[in-house]
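Okay, so here's the structure we're looking at.
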Amino acid sequence: MWNETISKFDKYPSQQKVIKKILNLGLRVSEDKKVYCQDVEINMSSLAKSLNTDRRVIISTIENILKDDDLKQIFTNIQPAGPILSNISQQLGLGVIEIEGNAQECGILKKVTEILAERNINIQQAHATDPYITQIPHLTLITDKTISGNLIQLLLKIDGVTKVSIY
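Residues in the sequence shown are numbered from 0 upward in steps of one, following numbering that gives the first Met the number 0.
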């Protein structure tokens with residue numbers, strides 16, 4: 000899905016890093032050549048610093064996005080997904096399951112939710128990283144209660160699952 004978008008920057012590896020960061024954070028590019036997280040303007044120098052690059056690379060990337068109708072349509076309409084509760088789950092009394100595996104394998108989420116439903120465990124939040132944007136794609140599920148470690152072996156039996164962490 001993202002291969003075509005990212006490949007438009009094959010000649011510009013620094014801009015490709017910017018594209019991946021913008022996608023990963025759900026940032027939006029505007030017609031006025033600025034970057035936003037919803038309605039909050041993102042400082043170009045801060046974004047550049049996070050990528051260990053120059054702000055001119057950010058500006059060039061934005062200009063290239065706005066010149067291309069397909070890219071413009073994508074990047075002027077992106078929205079962030081919201082907070083991921085995994086880092087504060089303990090304070091909220093929630094459980095976390097992180098699953099790594101083959102992103103091309105169909106039905107992993109379905110099988111995991113069936114296992115949880117059989118144990119009356121509700122999912123409060125689900126977040127899956129995009130395999131084209133992140134090196135190691137994973138699925139993070141936040142549950143309404145803490146999870147016992149005995150579920151790890153059961154979840155590892157699901158086709159395509161290579162690693163399970165529960166905390």
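Even for Gly, the Cβ is constructed at its ideal location relative to N, Cα and C.
- For Cys36, DSSP records a beta bridge to Val39.
- In its chain, beyond the 5 residues on either side, Ile132 have a beta carbon closer than 6 Å to the beta carbon of Leu22.
- Taking the Cα positions, Ala125 is about 15 Å away from Ser164.
- Across the structure, Asp31 and Ile120 are spaced so that their CA atoms are roughly 46 Å apart.
- For Thr142, the beta-bridge partners assigned by DSSP are Gly94 and Ile122.
- Burial is judged here by how many other beta carbons sit within 10 angstroms of a residue's own beta carbon; Ser147 has fewer than 16 and is exposed.
- Counting of Cβ neighbours within 10 angstroms places Lys19 among the buried residues, the total reaching 16 or more.
- Looking at the backbone, the Cα of Ile58 and that of Pro136 are separated by about 29 Å.
- If you check the CB distance, Val111 and Leu140 come in under 8 Å.
- With fewer than three CB-CB distances shorter than 8 Å, the segment 28-44 does not count as touching the segment 7-15.
- In summary, Gly100 is buried, with 16 or more beta-carbon neighbours lying within 10 Å of its beta-carbon over all protein chains present.
- Annotated three-state conformation of Glu113 is helix, per DSSP.
- With respect to Lys7, Leu70 sits close: the two C-beta atoms are nearer than 8 Å.
- Arg118 and Gly92 have their C-alpha atoms some 17 Å from each other.
- Ser88 is the residue among Ser88, Lys33, Tyr35 and Asp9 whose C-alpha sits nearest the C-alpha of Lys144.
- If you look at Ser6, you'll find it in the alpha helix (DSSP H) that goes Asn2 to Ser6.
- Note: Gly100 is bridge-paired with Val160 in the DSSP secondary-structure output.
- Apart from sequence neighbours up to five positions away, the residues of its chain that approach Trp1 with a beta-carbon distance below 8 Å are Leu22, Asp129, Tyr131 and Ile132, ordered along the chain.
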